[in-house]
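There are 2 protein chains.
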Amino acid sequence: MSLASEQSSVPMDDRGLAYGDGLFETVLVRDGTPLLWDEHMARLARGCQVLGIPLPARDALDCLPERAGPGLRVLKLILTRGSGGRGYLPPASSSPRLRWQAMAFSPQPSRWRDGVRVRHCRLRLGIQPLLAGLKHLNRLENVLARNEWSAPDLAEGLLCNSDGWLVEATCMNLFWLREGQLETPRLDDSGVAGTLRAALLERLPVSEVMATPDVLAGAEAVWLANSIQGVWPVAQLDDAGGTRLANWTIGRAHRHLQAAAHDLLDYPVDFPE
Amino acid sequence: MSLASEQSSVPMDDRGLAYGDGLFETVLVRDGTPLLWDEHMARLARGCQVLGIPLPARDALDCLPERAGPGLRVLKLILTRGSGGRGYLPPASSSPRLRWQAMAFSPQPSRWRDGVRVRHCRLRLGIQPLLAGLKHLNRLENVLARNEWSAPDLAEGLLCNSDGWLVEATCMNLFWLREGQLETPRLDDSGVAGTLRAALLERLPVSEVMATPDVLAGAEAVWLANSIQGVWPVAQLDDAGGTRLANWTIGRAHRHLQAAAHDLLDYPVDFPE
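For the record, the sequence lines run as chains Z and W. Just so you know, the first sequence maps onto residues 191 to 463 in our numbering. Just so you know, the second sequence maps onto residues 191 to 463 in our numbering.
Below you can see the structure in the form of structure tokens.
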């Protein structure tokens with residue numbers, strides 16, 4: 191295992207670069223203390239197991255958040271399978287590379303309070319049960335989907351997979367309230383299983399469901415969430431052409447899930463109506 | 191555009207590493223002369239157009255094969271979108287990174303002559319029309335598929351997509367002869383459009399078809415091909431569990447396509463029965 195070092199590079203023959211053969215995590219860190227660290231480490235471990243990459247010693251990971259610097263930071267870890275192998279065939283014995291960097295981060299309180307406008311993306315995610323849920327380095331679909339719009343007032347884009355099922359947003363997970371029931375898409379075939387999503391599923395009665403996009407128009411509330419940004423209520427949903435499909439008044443119905451999430455991230459939970 | 195340099199590295203924030211946001215080419219070079227160079231440059235250009243990555247000046251690419259060294263070499267180019275952007279969103283103006291390295295290469299004449307044993311893979315490729323055909327850096331599916339077997343006498347694994355259509359092998363394209371007609375899978379939804387495949391489609395009457403795996407058992411001949419290895423006739427096809435599904439006697443029916451391909455690569459064309 192190569193030693194982790196900030197701002198480090200990888201050689202051209204690293205399989206993370208060559209094939210996206212690796213994993214990453216982006217962790218919110220407040221004054222050296224990571225949020226949802228156990229969930230991040232659990233997802234990294236699961237990814238290593240699926241890809242057959244040796245998991246770094248926990249000590250080598252646990253020491254990183256306190257090195258991220260003071261204030262609110264995002265710690266990004268990249269773990270690749272390292273170099274070697276014959277073409278796509280991984281080497282019999284891998285020497286993974288761990289790299290990290292930390293950046294200052296400022297959340298967007300107005301999005302917590304007032305909600306966001308989102309749209310459907312045209313791109314449909316491929317179906318790949320072997321990789322679904324993992325935060326691996328093959329993210330071209332997310333890049334292309336995010337590149338579908340540039341308007342700064344459009345906060346996110348929603349993604350279905352090639353079978354037409356709702357999956358997620360480009361970098362956030364999706365939740366909604368329907369007939370009093372919290373729901374989120376199943377991620378068996380596509381998408382990234384967010385760490386905040388995992389923590390919420392542990393703490394709230396959220397059902398993982400197969401749903402098509404029309405479920406959202408009938409929802410009492412819709413949210414986007416991840417472990418960096420917290421929870422954004424959705425105030426307006428547009429189709430891929432920019433036509434409004436639905437809108438919601440952000441109010442009491444939105445605050446319960448948000449408060450549960452923000453409690454986990456030490457973000458504000460009070461937003462007076 | 192960063193200058194290309196052999197054995198160079200990329201920084202941790204390079205989008206090629208972070209997201210697989212880039213393209214690659216592996217080019218056969220004989221004593222400084224590249225084979226199928228125009229096809230490689232055409233595929234790279236198409237990839238740049240689809241991903242919105244500025245194509246390097248042709249001069250910066252054309253000078254590389256002669257720097258690959260004497261004898262038979264494989265020149266690998268990696269072109270990434272470079273650093274920058276906000277998360278998945280690409281920067282408004284990219285500064286791509288071009289990296290290259292060259293390695294000695296020895297083909298396997300016994301595979302040209304006697305053919306190879308191949309198997310079906312369990313993994314099914316995701317469907318992504320926006321990326322199909324490109325040699326992009328998101329290759330985890332290929333890595334996982336190639337990792338399904340380790341027996342050295344199994345030369346390749348065949349892949350279908352999630353709709354069940356035949357696509358390719360893990361690093362080669364697939365061809366077969368059926369009722370006197372040369373056929374190869376369409377690559378509109380999945381797979382990599384090989385440069386040797388492109389050159390053969392220009393020169394021979396090959397039909398691009400949608401076909402399920404059962405088409406192979408009834409084929410008069412089956413081949414795998416790429417621009418590095420040339421053309422391997424398929425002598426035996428196994429299912430994913432190792433049970434033989436079909437076998438072929440390698441003979442005259444196999445040599446026509448092979449000769450056309452090997453003529454393009456300056457590989458041998460005569461294999462006495």
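C-beta: ideal position from N, C-alpha, C; glycine also.
- Curious, which full-length beta strand (DSSP E) runs of at least 3 residues does the segment 362-422 of chain Z contain? Fully enclosed beta strand (DSSP E) runs of 3 or longer: 363-368, 371-375, 396-399, 411-416.
- Task: Can you tell me which of the three DSSP states glutamate 463(Z) falls into?
- Result: Three-state DSSP puts glutamate 463(Z) in coil, outside helix and strand.
- Assigned secondary structure, serine 300(W) (DSSP; H/G/I helix, E/B strand, else coil): Note: serine 300(W) maps to helix in three-state DSSP.
- Message: At the 8 angstroms Cβ level, is serine 192(Z) part of the contact set with chain W, yes or no?
- Response: Here serine 192(Z) scores only 43 on pLDDT, less than 50, and its place in the model should not be relied on; the value that follows carries that caveat. Taking Cβ atoms only, chain W never reaches closer than 8 angstroms to serine 192(Z), which makes this a no.
- Message: So, with DSSP's three-state summary, where would you put arginine 466(Z)?
- Response: In the structure as shown, chain Z begins at 191 and stops at 463. Residue 466(Z) is therefore absent and cannot be evaluated.
- Message: Taking the straight line between their C-alpha atoms, what separation do you get for proline 462(W) and alanine 411(W)?
- Response: Rounded to the nearest whole angstrom, the CA to CA distance from proline 462(W) to alanine 411(W) is 17 angstroms.
- State yes or no: is the beta carbon of aspartate 428(Z) nearer than 8 angstroms to at least one beta carbon in chain W? Interface criterion not met: the Cβ of aspartate 428(Z) is under 8 angstroms from no Cβ in chain W.
- Below-8 angstroms beta-carbon distance, isoleucine 243(W) vs any chain Z residue: Not one chain Z Cβ lies under 8 angstroms of isoleucine 243(W).
- Message: As a quick exercise: from Gln448(Z), Gly210(Z), Ser199(Z), pick the residue whose alpha carbon is nearest that of lysine 325(Z).
- Response: Proximity to lysine 325(Z) across Gln448(Z), Gly210(Z), Ser199(Z) peaks at Gly210(Z), based on C-alpha coordinates.
- Query: For leucine 394(W), is the classification buried or exposed, using 16 other Cβ atoms within 10 angstroms of its Cβ as the cut-off for buried?
  - Reply: So leucine 394(W) counts as exposed.
- For isoleucine 268(W), return the contacting residues in chain Z, with the cut-off set at a CB-CB distance below 8 angstroms. Within 8 angstroms of the CB of isoleucine 268(W), the CB atoms of chain Z belong to Met202, Leu207, Ala208, in sequence order along the chain.
- Item | Interface residues of chain W facing threonine 360(Z) [CB-CB closer than 9 angstroms] | Those within 9 angstroms of threonine 360(Z) in chain W are Gly277, Tyr278, Leu279.
- Item | According to DSSP, residues forming a beta bridge with glycine 323(W) | Partner(s): Val382(W).
- Query: Who are the near neighbours of serine 192(Z) in its chain, counting only those whose CB is closer than 6 angstroms to its CB and skipping five residues on each side?
  - Reply: For serine 192(Z), the predicted structure reports a pLDDT of 43, less than 50, and the residue's modelled location is therefore unreliable. A value from the coordinates is still provided. Excluding its 5 nearest sequence neighbours in each direction, serine 192(Z) has C-beta neighbours in its own chain below 6 angstroms: Arg287, listed in chain order.
- Message: Need the endpoints of the beta strand (DSSP E) that arginine 271(Z) sits in, please.
- Response: First-last for arginine 271(Z): undefined, no H or E at that position.
- Query: Using 8 angstroms as the Cβ pair cut-off and three pairs as the minimum, do the segment 385-402 of chain Z and the segment 255-271 of chain Z touch?
  - Reply: Under the three-pair Cβ rule at 8 angstroms, the segment 385-402 of chain Z does not count as touching the segment 255-271 of chain Z.
- Message: Counting only Cβ pairs nearer than 7 angstroms, list the residues of chain Z close to valine 333(W).
- Response: Correct list: Tyr209, Asp211, Tyr278, Pro280.
- Of the listed residues Leu367(Z), Cys311(Z), Asp379(Z), nearest to threonine 360(Z) (C-alpha basis): Ranking Leu367(Z), Cys311(Z), Asp379(Z) by Cα distance to threonine 360(Z) puts Cys311(Z) first.
- Task: Identify every run of the alpha helix (DSSP H) within the segment 230-275 of chain Z, keeping only runs that are complete inside it and at least 4 residues long; order them along the chain.
- Result: Unbroken alpha helix (DSSP H) runs of no fewer than 4 residues, entirely contained in the segment 230-275 of chain Z, are found at 248-252, following chain order.
- Message: Taking contact to mean 3 or more Cβ pairs, one atom from each stretch, closer than 8 angstroms, check whether the segment 245-256 of chain W and the segment 223-232 of chain W are in contact.
- Response: The segment 245-256 of chain W and the segment 223-232 of chain W touch, with no fewer than 3 CB-CB distances between them shorter than 8 angstroms.
- Segment contact, 8 angstroms Cβ cut-off, at least three pairs: the segment 294-303 of chain W with the segment 418-426 of chain W: A contact exists between the segment 294-303 of chain W and the segment 418-426 of chain W.
- Message: Once the 5 residues before and after arginine 303(Z) are set aside, which same chain residues still bring their CB inside 8 angstroms of it?
- Response: Leaving aside the five residues that flank arginine 303(Z) on each side, the residues in its chain whose CB is nearer than 8 angstroms to its CB run, in chain order, Ile440, Phe461.
- Message: Taking beta-carbon pairs under 7 angstroms, can you tell me which members of the segment 287-316 of chain W lie near chain Z?
- Response: Under the 7 angstroms Cβ criterion, the segment 287-316 of chain W contributes Arg289, Gln291, Leu313, Gly316.
- Item | Collapsed DSSP secondary structure at leucine 313(W) in the structure displayed | Looking at leucine 313(W) - three-state DSSP - the assignment turns out to be strand.
- Task: Assign serine 195(W) to one of three DSSP states: helix, strand, or coil.
- Result: Its pLDDT being 48, under 50, serine 195(W) is placed unreliably in this model, and the coordinates cannot settle the point.
- Under three-state DSSP, which class holds proline 280(Z)? In the structure shown, proline 280(Z) sits in coil (DSSP, three-state: anything other than H, G, I, E or B).
- Message: Going by C-alpha to C-alpha distance, which of Tyr278(Z), Leu406(Z), Trp339(Z) sits closest to valine 333(W)?
- Response: Closest by alpha carbon: Tyr278(Z).
- Query: Which residues bound the beta strand (DSSP E) around glycine 441(W)?
  - Reply: Per DSSP, glycine 441(W) belongs to no beta strand (DSSP E) and is neither H nor E.
- Query: Less than 7 angstroms between the CB of alanine 409(Z) and some heavy atom of the ligand NAD, yes or no?
  - Reply: Questions concerning the ligand NAD fall outside what the structure shown contains, since it holds no ligand whatsoever.
- Measure the alpha-carbon distance for arginine 442(W) versus serine 273(Z) and round it to whole angstroms. Using only the alpha carbons, I get a separation of about 41 angstroms.
- Within 8 angstroms (strictly less), CB to CB, does glutamine 239(Z) reach chain W? No, because no Cβ of chain W sits closer than 8 angstroms to the Cβ of glutamine 239(Z).
- Message: Rounded to the nearest angstrom, what separates aspartate 204(Z) and leucine 356(Z) at their Cα positions?
- Response: Rounded to whole angstroms, aspartate 204(Z) and leucine 356(Z) show a C-alpha spacing of 34 angstroms.
- Is it right to say glutamine 448(Z) is buried, meaning 16 or more other beta carbons lie within 10 angstroms of its own, or is it exposed? Under this definition glutamine 448(Z) is a buried residue.
- Could you please give me the residues that DSSP links to glutamate 358(Z) through a beta bridge? BP columns for glutamate 358(Z) point to Leu349(Z).
- Task: Take glutamate 196(W) and list the residues in its own chain whose beta-carbon comes closer than 8 angstroms to its own, dropping the five residues that flank it on each side.
- Result: Confidence in glutamate 196(W) is poor, its pLDDT being 46 and thus under 50, which makes the residue's placement too unreliable to answer from.
- Query: Going by other Cβ atoms of all chains shown within 10 Å of its Cβ, with 16 needed for buried, is aspartate 428(W) buried or exposed?
  - Reply: With 16 or more other Cβ atoms within 10 Å, it is buried.
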